[in-house]
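*Asks:*
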Amino acid sequence: MSISVKDLTYIYNPGMPGETKALDGVSFDVADGTVLGIIGHTGSGKSTLLQHLNGLIRPTSGEVYIGDVCITEKDVKMTEIRRRVGLVFQYPEYQLFEETVAKDVAFGPHNLGLSEEEIDRRVKEAIELVGLDYDEIKDVSPFELSGGMKRRAAIAGVIAMEPEILILDEPTAGLDPAAHRDILSMIRRIHDEMNIILIFVSHNMSDIVEMSDRVIVMNEGKIVLDGTPREVFSRAEELYGMGLSVPPAREIIELIKSKTVGFESEALTIDEAAADIKNHLEAARA
Amino acid sequence: MIRDITLGQYFPGNSVIHRLDARTKIIATLLYIVELFVVNNFWGFIIAGAVLAIIIAVSKVPVKFIFRGLTPVLMIIAFTFFLNIFMVDGRILWQWKFLHITYEGLIRAFFMAVRLVLLIIGSSMMTLTTKPIALTDGLEKLLKPFSKIGLPSHELALMMTIALRFIPTLMEETDKIIKAQQARGSDFESGNIIQRAKSLIPILIPLFVSSFRIAQELALAMEARCYHGGSGRTRMNEIHFHKGDAIAAVLMVLFLAVIIASRYIPTIF
Ligand SMILES: Nc1ncnc2c1ncn2[C@@H]1O[C@H](COP(=O)(O)OP(=O)(O)O)[C@@H](O)[C@H]1O
Ligand SMILES: [Mg+2]
Chain S
19 MSISVKDLTY
29 IYNPGMPGET
39 KALDGVSFDV
49 ADGTVLGIIG
59 HTGSGKSTLL
69 QHLNGLIRPT
79 SGEVYIGDVC
89 ITEKDVKMTE
99 IRRRVGLVFQ
109 YPEYQLFEET
119 VAKDVAFGPH
129 NLGLSEEEID
139 RRVKEAIELV
149 GLDYDEIKDV
159 SPFELSGGMK
169 RRAAIAGVIA
179 MEPEILILDE
189 PTAGLDPAAH
199 RDILSMIRRI
209 HDEMNIILIF
219 VSHNMSDIVE
229 MSDRVIVMNE
239 GKIVLDGTPR
249 EVFSRAEELY
259 GMGLSVPPAR
269 EIIELIKSKT
279 VGFESEALTI
289 DEAAADIKNH
299 LEAARA
Chain Z
4 MIRDITLGQY
14 FPGNSVIHRL
24 DARTKIIATL
34 LYIVELFVVN
44 NFWGFIIAGA
54 VLAIIIAVSK
64 VPVKFIFRGL
74 TPVLMIIAFT
84 FFLNIFMVDG
94 RILWQWKFLH
104 ITYEGLIRAF
114 FMAVRLVLLI
124 IGSSMMTLTT
134 KPIALTDGLE
144 KLLKPFSKIG
154 LPSHELALMM
164 TIALRFIPTL
174 MEETDKIIKA
184 QQARGSDFES
194 GNIIQRAKSL
204 IPILIPLFVS
214 SFRIAQELAL
224 AMEARCYHGG
234 SGRTRMNEIH
244 FHKGDAIAAV
254 LMVLFLAVII
264 ASRYIPTIF
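Okay, structure coming up:
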């Protein structure tokens, strides 16, 4: 599976008050198995872009290909696209509605018209995959769960559709640190086990570094930077100029670099930073 | 889709109409609605339509925007139209089994439809040209005299302010929930009427839950800022009548006279 986005432009409320050009000539390709992180300040068009990838929004102009299907054409079969591209919205727990967690997770598979056994299998697998105990939770009302668990249940509802591409819009927004870590490692596990394309939006630069093979930076509806985390975060000045930042470890490294002659480092994580500092100190002592 | 509903929305501007006192516009709108039911012939509707057209032109609100607000209620208008066509007795023009169309029915249906369209456009002109806050302030002032006989004018106005304030929020919320359920493969566009009604459940339940959450947060925020009802509250911006309002009042009386007179113009129908 691959994604190809060609010259995508989208305008909200054209010709009305509140007309907004949310996307402006966005193009990129994503290869199979990639973990793609998207960053950009609020209102830069990230959510709008994600909604184009499973046909929830039709572009003002431009094309989106999923595999070799052009999903922006008039008469594509939307259920098929929705099955292949799973989209988890921001705060997905607000979309829960069934009496029990199991029924809620089964909602997507039901809509796909699968057999009862197949639905049961998928529901069980999805609930386990997001790190919840199926037997314990299947008959519980989703409204009784804690915040982090609600979010996992909601994500399971999308996983159960067994998408070939999984997209998550700010999956860790508003969670406490423990739930944050859990969701992140869960996403990692889903990617590795299902072997899919994973696209996620985050404002946490450390998460972006930890998870992504590739990072896209959006600003005012355009892609302004696109590359590996190392490439993108070496452009600290530009990122700060757009109201973004670099991972905290890199911030410290930059500070040390500015005050220490002969210290070189491109570290992005705490481990890398520690190793580089140790090397430098040892070299200095020798 | 859901965002296309412009009923009750405000269209920012600085026209003469925008600058009128909210009270003037509320009274004018009520008067206009009453007048629409005073009208009983073709001429009256022409005059009422022309007056509305002038108001729209002066307000500089795009016509496209106004008509977009009409689309959600089109079904209701069509329904009353057909009900009137078939229900009124009189000179029969066409008949099939128990169904019949009469001359009187046709005229009545047509008048009713025009009346509804003018009524909706007329009242949306009020909301389109008045900030919700000004509207409820105006309403509160107009209702003030009735608080002597126990009408909770401040509470009513506050309820309206909150309702108006949260219409866009709830629409946004609805839009988000619809999209989230669509992403899970739910389909609102096909199937018979029962299937379609059923497909609303995944939208309505999250919407209710969200509404309660929003309401609770709002109540907390109001309490945190020591809100304790209307008695003794003063306003930051007092509203006043201006010269424009006086002119508007004169025009309103004139318009009323013309409308009443129009009843006596002989028509071809
Ligand atoms: N439903 C909508 N109607 C009108 N404008 C919108 C809507 N959703 C987003 N926008 C506008 O489009 C722009 C991009 O928004 P969005 O894609 O949500 O950005 P992000 O997810 O990066 O914060 C913003 O200016 C926002 O105000
Ligand atoms: Mg967003």
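So the sequences go chain by chain: S and Z.
For what it's worth, my numbering labels the leading residue of the first sequence as 19, then goes sequentially.
For what it's worth, my numbering labels the leading residue of the second sequence as 4, then goes sequentially.
Where a beta carbon is used, it is the ideal one built from N, C-alpha and C, also for glycine.
Keep in mind that this is a model prediction, so the values were computed, not measured.
#1: Can you confirm whether P266(S), when its beta carbon is compared against all beta carbons of chain Z, has any partner nearer than 8 Å?
#2: For L150(S), which of A124(S), F161(S) and V119(S) has the nearest alpha-carbon?
#3: Thinking C-beta only, is T132(Z) closer than 8 Å to V64(Z)?
#4: When DSSP labels each residue in this structure, what does G126(S) get in the three-state scheme?
#5: Within the continuous alpha helix (DSSP H) that includes E269(S), where are the two ends?
#6: Please state whether the Cβ-Cβ distance between I177(S) and G104(S) is less than 8 Å.
#7: With hydrogens ignored, establish whether the beta-carbon of K64(S) is closer than 7 Å to any heavy atom of ligand 1.
#8: Using beta-carbon positions only, say whether N227(S) and P195(S) come within less than 8 Å of one another.
#9: Check whether the Cβ of I5(Z) lies closer than 8 Å to any Cβ atom in chain S.
#10: Are there any heavy atoms of ligand 2 lying less than 7 Å away from the beta-carbon of Q108(S), as far as the coordinates show?
#11: From the DSSP output, in three-state form, read off I197(Z) for me.
#12: So, with DSSP's three-state summary, where would you put Q113(S)?
#13: Assign T27(S) to one of three DSSP states: helix, strand, or coil.
#14: Less than 8 Å between the beta carbons of I208(S) and T190(S), yes or no?
#15: For the segment 166 to 182 of chain S, enumerate the residues whose C-beta is nearer than 8 Å to any C-beta of chain Z, in chain order.
#16: At a Cβ threshold of 8 Å, is E37(S) touching chain Z?
#17: Nearer than 7 Å: is that true of the beta carbon of D244(S) relative to any heavy atom of ligand 1?
#18: Are the Cβ atoms of V61(Z) and S127(Z) separated by less than 8 Å?
#19: Run through DSSP, which three-state label would S283(S) get?
#20: Please check if any C-beta of chain Z sits within less than 8 Å of the C-beta of Y112(S).
#21: Quick check on V256(Z): buried or exposed, where buried means 16 or more other Cβ atoms within 10 Å of its Cβ?
#22: Please list, in chain order, the chain S residues whose beta carbon lies closer than 7 Å to that of P15(Z).
#23: Helix or strand or just coil, what does DSSP make of F14(Z)?
#24: What separation, rounded to the nearest whole angstrom, lies between the Cα atoms of V94(S) and A183(Z)?
#25: Quick one: is the Cβ of Y225(S) within less than 7 Å of any heavy atom of ligand 2?
#26: Between L184(S) and L216(S), how many whole angstroms is the CB-CB distance? I'm expecting something under 8 Å.
#27: Determine the DSSP secondary structure at R232(S), reduced to helix, strand or coil.
#28: For the putative contact between R266(Z) and G47(Z), defined by C-beta atoms under 8 Å, what is the C-beta separation to the nearest angstrom?
#29: Here's the rule I'm using: 16 or more other beta-carbon atoms within 10 Å means buried, otherwise exposed. How should D50(S) be labelled?
*Replies:* Let's see:
#1: Along the first sequence, read from residue 1 onward, the residue named residue 266(S) stands at position 248. No, P266(S) lies away from the interface with chain Z (no Cβ there is under 8 Å from its Cβ).
#2: Against the first sequence, residue 150(S) aligns to sequence position 132. The closest CA to that of L150(S), considering only A124(S), F161(S) and V119(S), is found on V119(S).
#3: Locating residue 64(Z) in the second sequence gives position 61, where the first residue counts as 1. Locating residue 132(Z) in the second sequence gives position 129, where the first residue counts as 1. The beta carbons of V64(Z) and T132(Z) sit closer together than 8 Å.
#4: The residue given as residue 126(S) occupies position 108 in the first sequence. G126(S): helix per DSSP, three-state reduction.
#5: If you number the first sequence from 1, residue 269(S) lands on position 251. Counting along the chain, the alpha helix (DSSP H) containing E269(S) begins and ends at P266 to K277.
#6: Taking the first sequence and counting its residues from 1, the one referred to as residue 177(S) is at position 159. Taking the first sequence and counting its residues from 1, the one referred to as residue 104(S) is at position 86. With contacts defined by Cβ atoms closer than 8 Å, I177(S) and G104(S) form a contacting pair.
#7: The count along the first sequence starts at 1 and reaches residue 64(S) at position 46. With a threshold of 7 Å, the Cβ atom of K64(S) counts as near ligand 1, since some heavy atom of the ligand is closer than that.
#8: By one-based count along the first sequence, residue 227(S) stands at place 209. By one-based count along the first sequence, residue 195(S) stands at place 177. A small correction: the amino acid at residue 227(S) is Val; Asn does not occupy that position in the sequence shown. A distance of 8 Å or more separates the beta carbons of V227(S) and P195(S).
#9: For the purposes of this step, residue 5(Z) is identified with residue 2 of the second sequence, where counting begins at 1. Per-residue confidence for I5(Z) stands at a pLDDT of 49, beneath the threshold of 50, marking its modelled position as unreliable; the derived number appears in the next sentence. Not closer than 8 Å to any Cβ of chain S, the Cβ of I5(Z) fails to qualify, so no.
#10: The count along the first sequence starts at 1 and reaches residue 108(S) at position 90. Yes, the Cβ of Q108(S) comes within 7 Å of a heavy atom of ligand 2.
#11: By one-based count along the second sequence, residue 197(Z) stands at place 194. Under the three-state reduction of DSSP, I197(Z) is assigned to helix.
#12: Here residue 113(S) is taken as the residue at index 95 of the first sequence, counted from 1. Residue state, collapsed to three classes: helix.
#13: Position 9 of the first sequence, counted from the first residue, corresponds to residue 27(S). DSSP places T27(S) in strand when its eight states are reduced to three.
#14: As a position in the first sequence, residue 208(S) is number 190, starting the count at 1. As a position in the first sequence, residue 190(S) is number 172, starting the count at 1. Result no, Cβ atoms of I208(S) and T190(S) do not sit closer than 8 Å.
#15: Within the segment 166 to 182 of chain S, the qualifying residues are G175, V176 and M179.
#16: For the purposes of this step, residue 37(S) is identified with residue 19 of the first sequence, where counting begins at 1. E37(S) does not count as touching chain Z.
#17: Position 226 of the first sequence holds residue 244(S). Checking every heavy atom of ligand 1 against the Cβ of D244(S), none is found closer than 7 Å.
#18: On the second sequence, position 58 is the one that residue 61(Z) refers to. On the second sequence, position 124 is the one that residue 127(Z) refers to. Taking the C-beta atoms as reference points, S127(Z) is found no nearer than 8 Å to V61(Z).
#19: Indexing the first sequence from 1 puts residue 283(S) at position 265. Reduced to three states, the DSSP call for S283(S) is coil.
#20: The count along the first sequence starts at 1 and reaches residue 112(S) at position 94. Taking Cβ atoms only, chain Z reaches closer than 8 Å to Y112(S), which makes this a yes.
#21: In the second sequence, counting from the first residue as 1, residue 256(Z) sits at position 253. The residue is exposed, with fewer than 16 neighbouring Cβ atoms inside 10 Å.
#22: Stepping through the second sequence from its first residue, residue 15(Z) is reached at position 12. Contacts between P15(Z) and chain S, judged by CB atoms closer than 7 Å, involve P35 in chain order.
#23: Taking the first residue of the second sequence as 1, we reach residue 14(Z) at position 11. Judged by DSSP in its simplified three-state form, F14(Z) adopts coil rather than helix or strand.
#24: Translated into the one-based positions of the first sequence, residue 94(S) becomes position 76. Translated into the one-based positions of the second sequence, residue 183(Z) becomes position 180. Between the alpha carbons of V94(S) and A183(Z) lies a distance of about 19 Å.
#25: Stepping through the first sequence from its first residue, residue 225(S) is reached at position 207. The sequence given here has Asp at residue 225(S), not Tyr. Not one heavy atom of ligand 2 lies closer than 7 Å to the C-beta of D225(S).
#26: Residue mapping note: residue 184(S) aligns to position 166 of the first sequence, counting from 1. Residue mapping note: residue 216(S) aligns to position 198 of the first sequence, counting from 1. About 5 Å; that satisfies the 8 Å criterion.
#27: One-based indexing of the first sequence puts residue 232(S) at position 214. In this structure, R232(S) counts as strand in the three-state DSSP scheme.
#28: Counted from its first residue, the second sequence places residue 266(Z) at position 263. Counted from its first residue, the second sequence places residue 47(Z) at position 44. Under the criterion of beta carbons closer than 8 Å, R266(Z) and G47(Z) qualify as touching, at roughly 7 Å.
#29: For this step, residue 50(S) is matched to residue 32 along the first sequence. D50(S) comes out exposed.
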